[in-house]
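Novice: Following UniProt numbering, the numbering of the sequence shown begins with 1 at its first residue and continues without gaps.
Beta carbons: idealized from backbone N, C-alpha and C, even for Gly.
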Amino acid sequence: MAGNKNALVSTGMPIEDDHIDLTRGADPIQADDDHTARDSPVPDLRFLPTHASRDMEVMQSCGFSHMFDGLSKRKIEDIEKVLTLEDSFVKACKRMVTDLEVVEDEKSKEIHHLKKRNSSLRKSCEASEA
């Protein structure tokens, strides 16, 4: 795990090793041991929001608790802020795309109307010249 720059890929941002110690709490030699998940140190889950606590419990039951041993409350809050900002950004982008599609549709209708008007004006000019 040491040197892994993509430890928390779901955030969309690489996590540097000097911010989070990903190796503390698990002995890589015992990684295959069935009891590693129960024997490894367990982070204090009381300060985490409910969904994060549940996620941590799932990770611990799968034997990945050592990845979270070095996380502090502040770091977890920072990660959650980034995820919230990412969600807000994605929602804003979707709204902008929808707005642009509406504008594009309106402009398309306007162009179609102008082409019809141009065609009828051309026909009336040709008729008056003849």
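Name the two residues that bound the continuous alpha helix (DSSP H) containing S108.
Specialist: Residues K73 to E129.
Novice: If you drop the 5 nearest sequence neighbours on each side, which residues of the same chain put their C-beta closer than 8 Å to that of S128?
Specialist: Excluding positions up to five away in sequence, the list is empty.
Novice: How many angstroms separate the CA atom of A26 from the CA atom of K81?
Specialist: Unreliable positioning characterises A26 in this predicted model, as indicated by a pLDDT of 47, which lies under 50. The coordinate reading is nonetheless provided below. Roughly 28 Å separates the two Cα atoms.
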